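Trainee:
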Amino acid sequence: MSQGAARSTRLPRWGRVALAISLVLLALALPRLTSSGYAINAMITTVRWMIFALSFDLVAGHAGAVSLGHPVFFGVGAYVAAILGPRLGLTFISDMLLAAVLMALLALLAGIAFFRIRGVTFAIGTLGAAIIAQLIANNAFTITRGPMCIQGVARPELTIPFTETTLRVAEPIQYYYLSLPLLFITIIIYLALTSSRLGRAFTAVREDEVRAFAVGVSPLRYKLLALTVGAGIVGALGSFQAHYVTVVCPSEMSLALTTTLLIIVFVGGVGSFRGVMIGALIFSILPRLLEAGGTQAISPALQQVVYGVILVAVMVFMPGGLDDLVSRVTRRLRKAGPREEQQP
Amino acid sequence: MSDDVAAAIVPPANVPAQGSPLLVVRGLLKRFNGVVAVDHVDMVVNQGELVSLIGPNGSGKTTLFNCVTGFLTPEDGRVSFRDEEITGARPDRIALKGISRTFQNVRVFPGLTVLDNLILSVQQHQEDSILKRALRTAQIRRLEAESTERAEFLLEKVGLARVRDVPAHDLVYGQRKMLEFACALISDPELIMLDEPAAGVSTALVDHMKRYILELHKQGKSFLVVEHNMGVVMDISERIVVLDYGKKIAEGKPREIQENELVREAYFGS
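These protein sequence lines are chains A and B, in that order. Each residue of the first sequence is one higher than the last, beginning at 1 in the working numbering. Each residue of the second sequence is one higher than the last, beginning at 1001 in the working numbering.
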């Protein structure tokens, strides 16, 4: 990552490759270590939040536009799978692709409109859009069945290439393995867009739009790129979610999702791949720990309080998020030599 | 002061044309809430020329800069660069046509390293396919290597080689100034527009920058410089344009400007 170059915590190339391979192997092996459906559901949730947060961070962390309406693309993506999918007779994969394409187009239109406003006003504008979208989902009864939800979304059926067999996906572990390719694709896209030349251009747009213009970067173009790609990814994820829980409700685009996204990204480390992944991991596991093994030791309302306290504490004591903490710790461990003397 | 007086004092015929006109500004007008910031200004920078733009604070120099580089849209008048009209074009487009600029209040990207700041200033000029960039093709890798080489050459030139990998927000003011200056050069632009390059910079650094500007000028680069430091202006300029209250009140060689009554009046009020 371009910003990463500034930090002295980068692993050498072989180290990063080795780390990536072992993490992929771990992700593949993880469900084999447990037979508990609860644990596997927790893994699916974790993967889901990783995809969700990475797609959000493309916009918030790299294009520097904190959109509070990100879950709208998730919810509408889920509705695309539930409403359009069966009518068009689409399969699981083509459903996801359709949701991705439609959400990217929706984001393009929304972006052209919303990127005319900046900073806090942009955040408030997208918040308004999210509220409106949820109102529509709740009240357009003939289309979405409102709070009654659309039920009975088909479970995925995959035809295995070169054979006649069709695999009916129903078990959590199967869903887990279906979600992994989506995560890997998301990671590849995220890293491709945020490193090297594109990463530099995104940093420019985020840090100083005026200066970005002066070096030939069009801020609007890069913001639209981040928003359309982010929306496409999360649209596909919404479609996956619809096929997983088989029910689509207006709550799929609720602002509670926005809150969690903000917490994951800002506590983890905004604009940092490592930070976002750590944040998603923690905030997928934490609610289950707070539930203390399913006995609901802490009520959901109190859970929100715990989240709030964590968010405030992180913002006050380590504005760079957990990623920054990790950097500082590794730097200290390596006892990196003092930075080169600067000449005036 | 009436327009007639200004016109009488500024005989455009006195201006020797070196090469063909590179940047042509005609009748440029820009107002802010009714206050005229740039008042029908005409000016030319010829190919290979070093022109300075001077005037008291608030005389419209930076506004003119911003109108030329697309950061402001003039209400009237035309700007053309290499015989192509660029009035009201987007600033990123104008930058890519070969006009680079610096800012009065020094702008570098604080979160990028010194090297990344430089490469970013040239990468947009090289290719423009987002897909190629995402896939990091062989062409992109070659361009990155070339840009790095060029950046290192410039860092050597402006004395920043030792802080190559330091994030720009860790630089002191003078270093940022030199970095922004180097960023304005790396894309090999036709016209380099510097907004107060010497402001807030130590005398030694000013001398260094001055020498480098003159060296580039000798190589045929064209400059338009806004500067308050008269020592620098008189030393480097071939031609000086003076603005006061948005109007061009004089134009000529350094010595002619020094002797000009109107210019003295504008600066010292007597």
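Every residue gets a Cβ at the ideal spot worked out from N, C-alpha and C, and that includes glycine. In this text the structure is predicted, and so the values were computed from the model without any measurement.
#1: Using a 10 Å radius around the Cβ and a threshold of 16 neighbouring Cβ atoms, would you call A:G269 buried or exposed?
#2: Using DSSP with H/G/I as helix, E/B as strand and the rest coil, what is B:F1081?
#3: Could you check which residue in A:M277, A:M103, A:F184 has the C-alpha nearest to that of A:A226?
#4: In whole angstroms, what separates the C-alpha of B:T1073 from that of A:V306?
#5: In the region 1200-1228 of chain B, which residues sit with their C-beta less than 8 Å from some C-beta in chain A, listed in chain order?
#6: Between B:V1114 and B:M1178, what straight-line distance do the alpha-carbon atoms span, to the nearest angstrom?
#7: If we define contact as Cβ-Cβ less than 7 Å, is A:V80 a contact residue for chain B?
#8: For B:R1164 and A:R211, which I take to be in contact (beta-carbon distance under 8 Å), what is that distance rounded to the nearest angstrom?
#9: Under 8 Å, with one C-beta from each stretch per pair, do the region 114-128 of chain A and the region 67-75 of chain A reach the 3-pair mark?
#10: Going by the DSSP bridge assignment, what does B:A1250 pair with across the sheet?
#11: Within this structure, are the beta carbons of B:A1151 and B:L1185 separated by less than 7 Å?
#12: Between B:V1166 and the rest of its own chain, which residues show a CB-CB distance below 8 Å, the 5 nearest in sequence each way excluded?
#13: Return the residues of the region 1028-1039 of chain B that lie within a Cβ-Cβ distance of less than 9 Å from chain A, sorted by chain order.
#14: Taking the alpha carbon of A:A78 as the point to measure from, which residue in A:V312, A:T121, A:H243, A:A170 has its own alpha carbon closest?
#15: Check whether the Cβ of B:D1092 lies closer than 7 Å to any Cβ atom in chain A.
#16: Could you name the residues of chain A that B:D941 contacts, counting a contact when the two beta carbons are closer than 8 Å?
#17: Evaluate contact between the region 1121-1131 of chain B and the region 226-236 of chain A, counting only Cβ atoms and requiring at least three cross-stretch pairs below 8 Å.
#18: Is the shortest distance between the beta-carbon of A:L209 and the beta-carbons of chain B less than 7 Å?
#19: With which residues is B:F1223 paired in a DSSP beta bridge?
#20: Compute the Euclidean distance between the alpha carbons of A:L255 and A:I136, then round it to the nearest angstrom.
#21: Could you tell me the alpha carbon to alpha carbon distance between A:T266 and B:E1085, rounded to whole angstroms?
#22: Out of B:E1049, B:E1259, B:R1078, B:D1083, state which residue places its alpha-carbon closest to the alpha-carbon of B:M1193.
#23: So, with DSSP's three-state summary, where would you put A:L68?
#24: So which of B:V1045, B:V1206, B:E1075 has the shortest CA-CA distance to B:E1190?
#25: Using beta carbons (cut-off 7 Å, strictly below), is A:G268 in contact with chain B?
#26: Let me make sure I understand the geometry here. Which of A:P161, A:A204, A:F74, A:W49 has the alpha-carbon closest to that of B:D1116?
#27: Would B:I1236 and B:I1257 be called neighbours here (beta carbons separated by less than 7 Å)?
#28: How many Å lie between B:E1215 and B:D1195 at the Cα?
#29: Do the CB positions of A:T186 and A:I233 come within less than 7 Å of each other?
#30: For A:S346 and A:G146, I'd like the C-alpha separation in whole angstroms.
#31: Would you tell me roughly how many angstroms separate the C-alpha atoms of B:P1021 and B:G1220, rounded to the nearest one?
#32: Would you grab the beta carbon distance between B:R1101 and B:T1069 for me? Rounded to a whole angstrom, and I think it's under 8 Å.
#33: Check whether the Cβ of B:S1121 lies closer than 7 Å to any Cβ atom in chain A.
#34: I need the straight-line Cα distance from A:L11 to A:W49, nearest angstrom please.
#35: Rounded to whole angstroms, what is the Cα-Cα separation between B:A1161 and B:L1155?
Mentor: This is what the structure gives:
#1: For A:G269, the number of other beta carbons within 10 angstroms of its own is at least 16, and it is reported as buried.
#2: strand
#3: Ranking the options by Cα distance to A:A226, first place goes to A:M103.
#4: If I take the Cα positions, the gap works out to 51 Å.
#5: S1202
#6: 10 Å
#7: For A:V80, the answer is no, since every Cβ of chain B falls outside 7 Å of its Cβ.
#8: With 8 Å as the limit, B:R1164 and A:R211 do not qualify as a contact, their Cβ atoms being about 20 Å apart.
#9: Yes, since at least three Cβ pairs between the region 114-128 of chain A and the region 67-75 of chain A fall closer than 8 Å, the two stretches touch.
#10: DSSP output for B:A1250 lists B:V1242 as bridge partner(s).
#11: no
#12: T1113, V1114
#13: none
#14: A:H243
#15: yes
#16: Within the shown structure, residues of chain B are numbered from 1001 to 1270, placing residue 941 of chain B beyond reach of any answer.
#17: no
#18: With the sequence shown as reference, residue 209 of chain A is identified as Glu, and Leu is not the correct amino acid for it. No, because no Cβ of chain B sits closer than 7 Å to the Cβ of A:E209.
#19: B:L1050, B:I1192
#20: 14 Å
#21: For the sequence presented, residue 266 of chain A should be read as Phe rather than Thr. Answer to the nearest angstrom: the Cα atoms are 45 Å apart.
#22: B:E1049
#23: coil
#24: B:V1045
#25: no
#26: A:A204
#27: no
#28: Distance between the alpha carbons of B:E1215 and B:D1195 is about 19 Å.
#29: yes
#30: Since the displayed chain A opens at 1 and closes at 344, residue 346 of chain A lies outside it and no answer follows.
#31: 14 Å
#32: 5 Å
#33: yes
#34: Taking the Cα positions, A:L11 is about 26 Å away from A:W49.
#35: 5 Å
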